[in-house]
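Working notes, beginning with the structure itself.
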Ligand code: DGJ
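As structure tokens, then:
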């Protein structure tokens, strides 16, 4: 008996790893936190190249993601890889990945490449992609076989779901410490060159009443797709079909292990105007159909943009579309060219839970012109310095973001912006300028290349955490009246385990012309005050 209870006590002591708190998304008052080990977590992410998810490629991954100071790596898990023969599963790569990620102190986001990978079925096993009878492709408007799988084929959905469930069972059994924090379900789903499926089943459903969940979400009375959604009928219909399919896969996986799950979007080229669905990945979670996805995929915690458009205005507009009270912003992919690194700051300014440049490994592939021509030291340094700055304080930052108290800007390139961005902090406003000498009031001229970014988090009523690169920040009272604003105290320091460590005060030249950030790793705690 005594030994029995000792064994029981020993089992309890060993229990923490087994009962580790599951990662989850928490939303309060329209602000979001990704909780990992029970604490708000900021994903400082890096995504590997598509063909780097093999044991032989991993040695070319870790040095790069370590150099980047990333805390999370996104890695594909392909259906063809885990179920090459129907019903026979092979998780040897996943086991290796888990082991190596832990040894490198990284969390993982797994990318389920299955029915849709950049809309195509190329990552389905041969027994799926070669059997067009059992796993039919869509028909296009002319009734011809399209390249993408039909979202209405029950056989395909059931087979995809079965494999995904096996994956989640494997994680449940082999990842009690939740090295895998999030799962992306499919990759850039949807279809190019056809607004929707035109198979007989699809045509029947297109003419049938719109399902109640969609109608209720859009506050519409009964009617078919054309009647309720007019010009957008085909796009909405196809989005509902794809989202419902992915939702069913996610729901089955979550029933095994309820990790946060999301879907990523191949974006429309134009974030501002209406676009014909035949010209982008129709059905995927592009900004025009986020609402359809919300109505149709309740098990998908968020939808994410893959942003490969370097234009400042367009980038900000995509961020705006995806940062919503019902959708946390997570930039699931972005270009790895050095000029994209500064958008980390603008992304943070939208209360984001994470950011991840694509194609970050040393396998020698470059997706130029989407990304850098080469994964050079320069491109690694641009992202690496940013993650290095935030890694020691990611928890502090994520907590402020969860309270809706963060702001951030990236250097603009549009001449009309005059190398200037502003932030409305409520009681205060801040002006951020780019390309000025540290001393004096010369007009901003922009940096040599768009490298500037700056972020602010509110820590107390008049106290702000301020950091960035290649930028100057100046504060003003929003409603000054007769009041004069001054710096009460500007501390430079750093965080260790979430605790502030003071290094020195900034004053004199260092504060007289605003606070200037160079390429150095500098974090300030700024206390503002006013006198009359
Ligand atoms: C977006 C996709 O999601 C990625 O897997 C990759 O194909 C890039 N496009 C292009 O390199």
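In my numbering, the protein residues as written are 67 to 598. Ideal Cβ placement from N, Cα and C applies to all residues, glycine included.
What residue from the options has the CA that sits closest to residue i's CA?
i	options	result
residue 229	546, 155, 444	155
residue 231	145, 448, 581	145
residue 337	354, 344, 327, 345	354
residue 405	378, 147, 90, 250	378
residue 474	530, 116, 484, 526	530
residue 88	95, 94, 103, 99	103
residue 135	464, 450, 577, 533	450
residue 22	563, 508, 534, 463	Outside the displayed range of the chain (67 to 598) lies residue 22, so it cannot be described from this structure.
residue 458	564, 488, 576, 520	564
residue 515	585, 198, 233	585
residue 320	250, 382, 343	250
residue 143	117, 133, 122	117
residue 507	312, 575, 566, 150	575
residue 468	344, 524, 410	524
residue 440	403, 153, 240, 466	403
residue 179	111, 95, 312, 300	312
residue 256	352, 211, 286	352
residue 382	597, 538, 411	411
residue 285	357, 434, 520	357
residue 240	149, 316, 562, 157	157
residue 308	485, 262, 94, 340	262
Bridge partners of residue i, per DSSP?
i	result
residue 465	Residue 465 pairs with nothing; no bridge assigned.
residue 101	90, 106
residue 378	In DSSP, residue 378 forms no bridge with anything.
residue 543	494
residue 560	567
residue 488	497
residue 132	The partner list for residue 132 (beta bridge, DSSP) is empty, contrary to what the question assumes.
residue 250	177, 328
residue 372	332, 399
residue 316	Its beta-bridge partners do not exist; DSSP assigns none.
residue 578	580
residue 424	113
residue 36	As shown, the chain starts at 67 and ends at 598. That puts residue 36 outside it, with no answer to give.
residue 185	In DSSP, residue 185 forms no bridge with anything.
residue 473	522
residue 142	177
residue 589	533, 559
residue 151	154
residue 553	594
residue 348	257
residue 393	390
Compare the beta carbon distance of residue i and residue j with 8 Å and say whether it is the shorter of the two.
i	j	result
residue 372	residue 418	no
residue 349	residue 304	yes
residue 302	residue 291	yes
residue 267	residue 182	no
residue 544	residue 492	yes
residue 587	residue 460	no
residue 214	residue 185	yes
residue 496	residue 472	no
residue 141	residue 235	no
residue 541	residue 518	no
residue 400	residue 424	yes
residue 347	residue 264	no
residue 280	residue 362	yes
residue 573	residue 504	no
residue 109	residue 512	no
residue 591	residue 547	no
residue 326	residue 367	yes
residue 277	residue 288	no
residue 242	residue 219	no
residue 464	residue 107	yes
residue 370	residue 328	yes
residue 91	residue 394	yes
residue 167	residue 222	no
residue 494	residue 414	no
residue 571	residue 589	no
residue 227	residue 314	yes
residue 112	residue 422	yes
residue 384	residue 436	no
Quick test of the definition: if touching needs 3 or more C-beta pairs under 8 Å, does the region 198-218 touch the region 164-175? no
Are three or more beta carbon pairs between the region 271-280 and the region 152-166 nearer than 8 Å? no
The region 187-206 touching the region 121-129, judged by at least three CB pairs closer than 8 Å: no
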